[in-house]
Amino acid sequence: MSTKKLTVTAMLTAAALVIFVIEAQIPPVAPIPGIKLGLANVVTLFTIIVLGRREAFAVTALRIILGSVFTGNMMSFVYSAAGGALCFAAMAVLTLFMKENMTWCVSVIGAIFHNVGQLAAAVIVTGTIQILWYLPVLTISAVITGVFTGIAAQCLLKRGGGIIKKLISETK
Amino acid sequence: MDKKNKIAAAVIAAVVLICASIIFIKNTITSQNRIAVIYRGGKVIREINLNSLSEPLEFDLSYDGHTNRVRAEKGKIRMQSADCPDKICVNQGWIDSGAVPIVCLPHKITIEIKGGADKIDAAAGGM
Ligand SMILES: [Zn+2]
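Going line by line, the protein sequences match chains A and B. Its first residue numbered 97, the first sequence is counted upward by one per residue in our numbering. Its first residue numbered 48, the second sequence is counted upward by one per residue in our numbering.
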C-alpha cells in the first residue's frame with residue numbers, strides 16, 4: 097500500500113468514525129443496539145469504489161471496533177459486527193456488476209443486509225425467533241436511508257472520487 | 048434513468064410493498080384477540096389475555112439478579128421499568144398489536160402480542 101493510499105484510507109476511517117459516533121446519539125429505530133440510519137455506510141461505499149475492497153474492509157472493521165470503544169458500548173459490538181460484515185459482503189459483490197450510476201441500489205441492498213445481520217445476531221443471542229418480526233419494518237427503513245446514503249455517496253463520487261483516484265495513481 | 052436502474056427501482060418498490068403488507072396484515076390479525084406472550088431465551092414464560100383484563104396487572108420478571116417490571120392493561124402491555132443498561136424496552140412504551148414485539152435484548156426478554164383463540168384465563172396468566 098502506498099503512503100498516499102494509506103493516508104487516504106486513514107482519513108476515510110476518521111470520517112466514518114465521526115459519522116458513527118454522531119449517529120450513536122440518535123435514538124434507535126429498533127430495540128437492537130447498533131441498528132441505526134447507517135450513514136457511516138457512505139464512507140464504506142465510497143472506499144470500495146475509489147480505493148478497493150481491501151481498503152474498504154479495513155475502514156469498516158476499524159469503524160466498528162473503534163466505534164464500539166468510543167461510544168463505550170461494547171454490547172453493541174456483536175450486532176454492529178454482524179451487520180457490518182453482511183453489509184460489506186453484499187456491497188463488495190454488488191459493485192462487481194453494478195456501475196457507479198447504480199450506487200444508490202448497492203447502498204439500499206447493503207442497508208437491508210446490514211439489518212438482516214443484526215437481527216440474525218439478536219435472534220442467536222436471545223434464542224427468540226419472534227425478533228424477526230422487525231424485519232419488514234427495518235427493511236422499509238433500510239430502503240429509505242439506503243437511498244439517502246446511496247445518493248450521498250454518488251454525489252461524493254462525482255465530486256471527489258476522480259480527484260482521489262488521480263491522487264493515488266500518481267505515485268504508484 | 049437507464050433500464051437497469053428502472054428495474055432495480057421497481058424491485059425495491061415491490062419489496063417495500065410486500066413489507067408494508069406484512070406489517071398491515073400482522074397488525075390487523077393481532078388486534079382482535081390480543082394474547083400477550085412473554086418469552087425469555089426463546090421459552091414462553093407467561094401468557095396473558097389482554098382483552099379480558101378487567102384491571103391493570105403488574106408483575107416482575109426476575110432472573111439472574113435482573114428485573115423487568117411488566118404492566119398490562121385492557122388491550123395493551125408495556126415494560127414499566129427495567130434495570131437493563133439501555134432501557135430500550137421501557138422506551139418502547141405500550142404495544143396493542145403484534146406489528147412489532149417489545150424486546151429487552153440485554154435480558155433476553157421478548158413480549159409479543161398474538162391473535163390467538165380467546166381461551167387463556169387472565170387471572171391464571173398461564174404460569
Ligand atoms: Zn431492556
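Glycine included, every Cβ here is placed at the ideal spot set by N, Cα and C.
Simplified DSSP state of residue i, which is helix, strand or coil
i, result
"R81 (chain B)", "coil"
"L152 (chain B)", "coil"
"Q121 (chain A)", "coil"
"L231 (chain A)", "helix"
"S144 (chain B)", "coil"
"K134 (chain B)", "coil"
"A152 (chain A)", "helix"
"K90 (chain B)", "strand"
"M126 (chain B)", "strand"
"K101 (chain A)", "helix"
"V114 (chain A)", "helix"
"E105 (chain B)", "strand"
"A119 (chain B)", "strand"
Member of the options whose CA lies at the smallest distance from the CA of residue i
i, options, result
"M198 (chain A)", "A:V243, A:I220 and A:G223", "A:V243"
"D143 (chain B)", "B:L108, B:T77 and B:I72", "B:T77"
"K155 (chain B)", "A:M170, A:Q226 and A:T143", "A:Q226"
"L192 (chain A)", "A:I220, A:A217 and A:R149", "A:R149"
"E151 (chain A)", "A:K195, A:F184, A:M171 and A:T245", "A:F184"
"G112 (chain B)", "B:A129, B:N138 and B:I70", "B:A129"
"Y175 (chain A)", "A:A157, A:W200 and A:I144", "A:A157"
"N138 (chain B)", "A:L141, A:P123, A:V202 and A:F142", "A:P123"
"F153 (chain A)", "A:F166, A:A177 and A:R255", "A:A177"
"R116 (chain B)", "B:K51, B:A67, B:K134 and B:Q127", "B:Q127"
"A136 (chain A)", "A:V146, A:L108, A:I145 and A:K254", "A:L108"
Inter-residue CB distance, residue i and residue j (contact presumed, cutoff 8 Å)
i, j, result
"R125 (chain B)", "G140 (chain B)", "6 Å"
"G179 (chain A)", "F116 (chain A)", "About 12 Å separates the two Cβ atoms, so there is no contact after all."
"P148 (chain B)", "M171 (chain A)", "In fact, because the Cβ distance is near 20 Å, the residues do not count as touching under 8 Å."
"R93 (chain B)", "I82 (chain B)", "With 8 Å as the limit, R93 (chain B) and I82 (chain B) do not qualify as a contact, their Cβ atoms being about 11 Å apart."
"L234 (chain A)", "N211 (chain A)", "4 Å"
"V155 (chain A)", "T167 (chain A)", "So it is not a contact: roughly 17 Å between Cβ atoms."
"G223 (chain A)", "G89 (chain B)", "4 Å"
"I205 (chain A)", "L190 (chain A)", "6 Å"
CA-to-CA distance, residue j to residue i, given in whole angstroms
i, j, result
"E266 (chain A)", "T105 (chain A)", "16 Å"
"T114 (chain B)", "P132 (chain B)", "12 Å"
"Y230 (chain A)", "I236 (chain A)", "10 Å"
"E196 (chain A)", "Q250 (chain A)", "7 Å"
"A56 (chain B)", "E102 (chain B)", "50 Å"
"G213 (chain A)", "V219 (chain A)", "10 Å"
"E119 (chain A)", "T245 (chain A)", "13 Å"
"V150 (chain B)", "F173 (chain A)", "18 Å"
"M187 (chain A)", "N96 (chain B)", "45 Å"
"G258 (chain A)", "L102 (chain A)", "17 Å"
"G145 (chain B)", "L104 (chain B)", "19 Å"
"A170 (chain B)", "K123 (chain B)", "With a pLDDT of 45 at A170 (chain B), under the threshold of 50, the modelled position of that residue is not reliable, and the figure given next carries that caveat. If I take the Cα positions, the gap works out to 16 Å."
Q.
If we require 4 or more residues per run, which alpha helix (DSSP H) segments fall completely within the region 165-250 of chain A?
A. 171-193 and 199-222
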